[in-house]
Amino acid sequence: MLYHSTRSLEPRVDSAQAVLEGLAPDGGLFVPEEIPYININTCLRESTMGMANRIISAMLPEILDMPTLVEKAYRGKFQTEELTPTVKAGDFTVLELFRGPTSAFKDVALCMLPQLLTKAREQKGMTDEVLILTATSGDTGKAALAGFADVPGVGICVFYPDGGVSAVQRAQMVTQEGSNVAVCAVRGNFDDAQTGVKNLFAAAENGKLPGDSRSLSTANSINIGRLAPQITYYFKAYSDLLRRGEIQMGDKVNFSVPTGNFGDILAGYLAKRLGLPVGMLICASNANNVLTDFIRTGTYDRRRPLHKTISPSMDILVSSNLERLLYFMSDGDTALVAELMKKLSTEGSYQVPAQLHQKIQNEFWAGYCDDEKASATIRSAWEKTGYLCDPHTAAGWAVAEQYRAETGDMAPMVVLSTASPYKFPGAVLKALAEPESADEFLQMEQLSKLTGVPVPENLSGLQEKTERHTDVIEKTQMLSYVKEKK
9 MLYHSTRSLE
19 PRVDSAQAVL
29 EGLAPDGGLF
39 VPEEIPYINI
49 NTCLRESTMG
59 MANRIISAML
69 PEILDMPTLV
79 EKAYRGKFQT
89 EELTPTVKAG
99 DFTVLELFRG
109 PTSAFKDVAL
119 CMLPQLLTKA
129 REQKGMTDEV
139 LILTATSGDT
149 GKAALAGFAD
159 VPGVGICVFY
169 PDGGVSAVQR
179 AQMVTQEGSN
189 VAVCAVRGNF
199 DDAQTGVKNL
209 FAAAENGKLP
219 GDSRSLSTAN
229 SINIGRLAPQ
239 ITYYFKAYSD
249 LLRRGEIQMG
259 DKVNFSVPTG
269 NFGDILAGYL
279 AKRLGLPVGM
289 LICASNANNV
299 LTDFIRTGTY
309 DRRRPLHKTI
319 SPSMDILVSS
329 NLERLLYFMS
339 DGDTALVAEL
349 MKKLSTEGSY
359 QVPAQLHQKI
369 QNEFWAGYCD
379 DEKASATIRS
389 AWEKTGYLCD
399 PHTAAGWAVA
409 EQYRAETGDM
419 APMVVLSTAS
429 PYKFPGAVLK
439 ALAEPESADE
449 FLQMEQLSKL
459 TGVPVPENLS
469 GLQEKTERHT
479 DVIEKTQMLS
489 YVKEKK
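Per my numbering, the sequence shown starts with residue 9, numbered consecutively.
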């Protein structure tokens with residue numbers, strides 16, 4: 009299968025090369041020339057890892073021996089062989105994506121990506137080291153670091169916004185072991201870090217930074233190797249509903265997705281394009297509601313203050329994967345996508361044509377949830393259903409309620425739960441009207457005693473680990489930092 013940029017039809021590369029490069033040379037994102045065929049009935053009868061094998065193989069067919077790669081990626085690393093279990097909570101089904109090694113939804117993709125990248129590197133006969141450059145708003149960083157730590161032939165450098173992640177998220181990253189990892193805070197917000205990483209790719213010549221022998225790639229969801237594995241859990245959720253008799257084959261299911269960089273919800277759209285009976289995809293934002301405004305008005309405008317919220321992984325104003333949606337929804341109009349991305353870069357906003365906007369609204373609905381509403385939702389979910397959710401999941405839950413109230417659509421609703429509540433214990437305790445300690449690690453203990461929900465093992469001992477990565481730089485220093493960290 010050939011891939012090309014969202015902004016032009018060249019260069020055409022196979023799926024293995026697309027994973028290796030991460031970002032197209034013109035700054036666009038790699039997209040397949042066609043959406044592959046999957047036998048839905050057969051796929052939905054598979055185990056979770058069987059589904060992963062079928063789906064990822066279909067999206068990335070040039071990467072060989074996929075069953076072995078899936079086994080290496082997932083076996084024994086998640087709390088259950090289901091990987092992403094579903095739980096009934098009141099009127100909703102919660103898809104738990106945080107049962108992996110770092111307690112965040114990114115684990116599903118970032119346990120798989122190192123396997124994909126190293127296999128692609130082997131198949132292409134690469135001898136140069138691959139350098140993974142990644143910006144994180146909190147969860148991608150740790151998941152990527154854990155996945156790539158000490159992988160031969162690969163180095164990884166993660167940038168996160170200084171003061172823009174939770175104490176638990178920061179601790180997960182700065183205590184990461186591995187001879188090939190680097191972690192650095194950037195003075196600014198996530199958009200500054202993400203733009204900085206994109207600028208590093210733009211400065212590359214033939215996929216390498218000047219004076220550096222390493223080939224660049226990325227673990228952000230701009231890499232198709234990161235996005236493809238995420239499609240699996242939409243199939244898994246649908247399969248669970250079928251197995252429990254809550255739906256019949258062919259029934260539409262709605263999905264409410266806490267959304268920042270648009271990758272998680274785009275995976276749902278790709279699942280629908282593969283044939284899964286997905287109904288409405290509900291885009292749930294926090295107070296940084298740039299995506300809500302876009303889906304409702306057709307105007308994307310990043311020229312607004314970035315609010316720090318209790319759901320920091322969604323504190324984003326430039327949603328990179330939206331570019332892929334524009335490509336798919338415009339029937340592959342690369343010239344239009346290039347024009348819109350140029351406007352976003354130079355003017356800070358763009359307006360999509362009316363017909364394109366209508367097509368997007370036919371597939372997506374959007375709402376947002378501020379901190380006050382998120383706290384109220386955490387409390388009501390716990391009191392009414394006994395389900396303990398984090399602030400990001402609360403946004404998905406609250407916007408799902410908004411959708412039903414405004415549209416009357418009572419089709420089965422799956423809410424994606426993207427992180428453990430123990431990654432944001434202070435916010436959850438406050439929502440439950442409990443006085444919290446200033447120490448997030450004591451907050452975890454307090455929350456567990458209050459609710460009886462156990463602290464994930466990978467988080468419980470963080471405070472005892474040594475901080476190994478304490479660098480803080482200006483956003484203008486990212487290039488020099490990468491070159492120093494050879």
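Think of the CB as a built atom: it goes at the ideal place given N, C-alpha and C, for glycine as much as any other residue. All of these numbers come straight from a predicted model, not from anything done at the bench.
{"Item": "By Cβ distance, which residues of its chain are closer than 8 Å to Met59, with the 5 residues on each side in sequence left out?", "Value": "Cys51, Leu52, Thr240, Phe243, Lys244 and Ser247"}
{"Item": "Can you find at least 3 beta carbon pairs, one from the stretch 187-200 and one from the stretch 158-173, that sit closer than 8 Å?", "Value": "yes"}
{"Item": "From what residue to what residue does the alpha helix (DSSP H) around Lys96 run?", "Value": "Element bounds for Lys96: not the alpha helix (DSSP H) but the beta strand (DSSP E), Thr94 to Ala97."}
{"Item": "How big is the Cα-Cα spacing for Ser223 and Lys96?", "Value": "45 Å"}
{"Item": "Find out if the Cβ-Cβ distance for the pair Ser13, Pro69 is shorter than 9 Å.", "Value": "no"}
{"Item": "Starting from the C-beta of Pro433, find all residues in its chain whose C-beta is less than 8 Å away, skip the five residues before and the five after it, and write them out in chain order.", "Value": "Val176, Glu444, Glu448, Gln451, Met452, Gln454 and Leu455"}
{"Item": "Could you check how far apart the C-beta atoms of Gln123 and Ala81 are, in whole angstroms? I think they sit under 8 Å.", "Value": "5 Å"}
{"Item": "Tell me which same chain residues have a C-beta within less than 6 Å of the C-beta of Phe372, skipping the five on either side of it?", "Value": "Leu289, Cys291 and Ile303"}
{"Item": "Can you tell which of Tyr411, Thr101 and Gly163 has the C-alpha that lies nearest to the C-alpha of Cys397?", "Value": "Thr101"}
{"Item": "If I measure Cβ to Cβ from Pro462 and keep anything under 7 Å in the same chain, skipping five residues before and after, which residues do I get?", "Value": "Ser456"}
{"Item": "State yes or no: is the C-beta of Ser221 within less than 9 Å of the C-beta of Glu137?", "Value": "yes"}
{"Item": "What would DSSP say about Asp447, mapped onto helix, strand or coil?", "Value": "coil"}
{"Item": "Suppose only complete runs of 4+ residues qualify. What are the alpha helix (DSSP H) ranges in the stretch 117-150, listed by chain order?", "Value": "121-131"}
{"Item": "If we count the other Cβ atoms within 10 Å of its Cβ and call it buried at 16 or more, is Gln180 buried or exposed?", "Value": "buried"}
{"Item": "Candidates Arg178, Gln410, Ala439 and Leu364: which alpha carbon is nearest Glu391's?", "Value": "Ala439"}
{"Item": "What residue ranges within the stretch 198-272 form continuous alpha helix (DSSP H) runs of no fewer than 4 residues, ordered along the chain?", "Value": "198-211, 232-235 and 240-251"}
{"Item": "Do Val205 and Asn188 come within 9 Å of each other at the CB atom, strictly closer than that value?", "Value": "no"}
{"Item": "Span of the alpha helix (DSSP H) holding Asp479?", "Value": "Note, Asp479: premise wrong, no alpha helix (DSSP H); beta strand (DSSP E) at Asp479 to Glu482."}
{"Item": "Got a sec, what are the start and stop residues for the beta strand (DSSP E) His12 sits in?", "Value": "Leu10 to Ser13"}
{"Item": "Tell me which same chain residues have a C-beta within less than 6 Å of the C-beta of Leu278, skipping the five on either side of it?", "Value": "Ile239"}
{"Item": "Return the CA-CA distance between Ser388 and Thr92, expressed in angstroms with no decimal places.", "Value": "24 Å"}
{"Item": "Return yes when the C-beta of Ile164 is under 8 Å from any heavy atom of the ligand NAD, and no when it is not.", "Value": "Of the ligands one can find in the structure shown there are none, so the ligand NAD has no counterpart to examine."}
{"Item": "Against chain B, with Cβ distances strictly below 9 Å, would Thr317 count as a contact?", "Value": "You won't find chain B in this structure, because it holds only one protein chain."}
{"Item": "Which value, in whole angstroms, describes the spacing of the CA atoms of Leu17 and Arg234?", "Value": "22 Å"}
{"Item": "Quick one: grab the DSSP three-state call for Ile324.", "Value": "coil"}
{"Item": "Cα separation between Pro361 and Ala346?", "Value": "14 Å"}
{"Item": "Looking only at its chain, what residues have a beta carbon closer than 8 Å to the beta carbon of Thr474, apart from the 5 residues adjacent to it on each side?", "Value": "Thr183"}
{"Item": "Find the nearest neighbour of Ala343 within the set Glu442, Gly268, Asp34 and Arg15, judged by alpha-carbon distance.", "Value": "Arg15"}
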